[in-house]
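Contents: one structure, followed by commentary.
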Amino acid sequence: MIKTPVLKLFHFISLLFLAGALIMTFFLILSGGREGGTLKNFYWLEANTTGFNDAQANTRWFDYTFCGYTDGKLHDCAHRAPAKPFSPRDNFGRSDEMPSSFLNHRDAYYYLSRVGWAMLLIGLFFEVLTFFPAILSLFKVMAPTATFTTVMSWLALFFILLAACLYTGCYAKAKKAFHSQHRHAKMGAKNFAFLWTSVFLLMCTTAWTTVTIALHNKERKANNIHGGYAEDYAGYSTTDNTTAGDKSAPYDPESGDDQQPATSHKYFTKLRSKKHQKTTAVTPVIDETTANAAVDPHQQTATTAIQEEVV
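Here the sequence shown stands for residues 1 to 311, numbered as in UniProt numbering.
Structure follows, in C-alpha cells:
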C-alpha cells in the first residue's frame, strides 16, 4: 500500500493539473470577449479574406465574434453573440472568391464550430464540479467524495476532448480550404495549445482519481477482512470467558435441572477421589486352600488329631 504522504503528494499534483485545465478552459470560453488586452490573442483562425464581399483583408475568428486584423489591432468586429459560428458564407455572404469548400459544405463548418463551443462550456461545468471535491480529497479520502470526483473528471475529460476534436476538425479543414486558393491562413496557436493541454491535464487527473478510488476500495476491503477476523477472535474469547465463568458456578440440585453441568470440574474431582478411597478399602478375597497352606504345621497336626478322636 502506498504511504499517506506519497498519496497526498499525488493528490496535490493532480489538483494542480485540474486547476490548470480549469483556467485554460476558462480562457478559451472568454476568447473574443474583448477587442483589447490579452484576450485579443486568443483566436481560432486568422485568414486572408480579401474579396469576400465587405470583409477586411485579414479576419480573425473568436468564440463571440470575428474581427478585421491589421497592424496588430482588431477593428470592425461583428456583433458579439455566444457561439458565433465559423462560416464565411454566413459571416460575409456568398461570394465567388470564396473557396468552394465554404460554399458546398457550409453546414459542416457552421455546426462544428457551434457544437464545439457548447461542448467546451459543458466541459468547463464538469471541471468545476470536479475541482471542489478534489480539494476535500487532499485532506481525507472518502468513498462518496472519491466516487463523485472520479465520475465528474471522466465527464469533464469526455466533453473537453470532444470539443478539442470538433474545433480542430473545423479549423484544420478551413485552413486547408484557404490554402487551396493560395490564401494566407493560420490556426490560433494559443487557443489550440490551451485546448489540447487541458485535455492532457484532464487525462492525468482522471487517471489519478480512478487509481485513488481503486486504492480506497482495496484498503476498505482489507480493513473489512481484518475486522471480520477480529470479530471472530473476540467471539472465541467471549465463549472461553463464559465457559470459565460456568466452572465456578455451584450446581443446585433443587433447580430441577437433571443434567449435571459439564463444566463442574470440582464435582468430578471429588467423585474420582471417593472411588479411589473405596477401591483401597476393599478387603481382598483369599482362597481357602491358600489360607490353609499359610497355617502353622504343628497347629494343623493338633487339629487333625482332635478331629480323629471325635470320630
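Ideal Cβ placement from N, Cα and C applies to all residues, glycine included. None of the values given here were measured: they were computed from a predicted structure.
For residue i versus residue j, is the C-beta spacing smaller than 9 Å?
i, j, result
"LEU45", "TRP61", "yes"
"LEU7", "VAL151", "no"
"PHE42", "GLY169", "no"
"LEU30", "ASP63", "yes"
"ALA81", "THR65", "yes"
"PHE158", "LEU28", "no"
Leaving out the 5 sequence neighbours to the left and right, which residues in its chain are closer than 7 Å to residue i when beta-carbon positions are compared?
i, result
"VAL199", "ILE160, LEU161, ALA164"
"LEU155", "PHE126"
"PHE52", "PRO88, PHE92, SER95, GLU97, MET98"
"THR25", "LEU120, GLY123, LEU124, GLU127, ILE160, SER198"
"residue 374", "Coverage of the chain is limited to positions 1 through 311, which leaves residue 374 absent and any answer about it impossible."
"TRP196", "ALA164"
"ILE213", "ALA146, THR147, THR150"
Residue i: buried (16+ other C-beta within 10 angstroms of its C-beta) or exposed?
i, result
"GLY72", "exposed"
"ILE13", "exposed"
"VAL174", "The question names Val, yet the displayed sequence has Ala at residue 174. That one is buried."
"HIS11", "buried"
"ASN191", "buried"
"ASP76", "exposed"
"SER137", "buried"
"GLY32", "buried"
"THR70", "exposed"
"THR205", "buried"
"PRO180", "According to the sequence displayed, residue 180 carries Ser and not Pro. Flag for SER180 reads exposed."
In angstroms with no decimal places, state the Cα-to-Cα distance between residue i and residue j.
i, j, result
"TYR111", "PRO85", "7 Å"
"PHE126", "PHE139", "22 Å"
"ASP54", "ALA78", "12 Å"
"PRO144", "THR130", "13 Å"
"ASN104", "LYS176", "15 Å"
"GLY37", "LEU215", "46 Å"
"TYR167", "ARG114", "9 Å"
"VAL211", "LEU22", "21 Å"
"ARG34", "LEU18", "26 Å"
"GLY68", "LEU74", "6 Å"
"PRO5", "ILE135", "16 Å"
"ASP107", "ALA118", "16 Å"
"TYR109", "GLY116", "11 Å"
"ASP90", "LYS218", "56 Å"
"PHE102", "TYR171", "12 Å"
"SER153", "HIS182", "43 Å"
"MET203", "ALA83", "26 Å"
Taking 6 Å as the limit between beta carbons, can you name the residues of its chain near residue i, skipping five residues before and five after?
i, result
"HIS184", "ASN48"
"GLY20", "LEU201"
"PRO133", "THR145, PHE148, THR149"
Short of 8 Å in beta carbon distance, which residues of its chain neighbour residue i, apart from the five on each side in sequence? Order them along the chain.
i, result
"PHE178", "ALA47, ASN48, PRO99, HIS184, ALA185"
"ALA57", "ASN48, THR49, THR50, GLY68, THR70"
May I have a chain-ordered list of the alpha helix (DSSP H) segments no shorter than 4 residues that lie completely inside the segment 61-110?
-> Taken in chain order, the whole alpha helix (DSSP H) runs of length 4 or more contained in the segment 61-110 are 88-92, 100-104.
Every unbroken alpha helix (DSSP H) inside the segment 137-217 [4 residues or more] | Entirely contained in the segment 137-217, the alpha helix (DSSP H) runs reaching 4 residues are, in chain order, 143-180.
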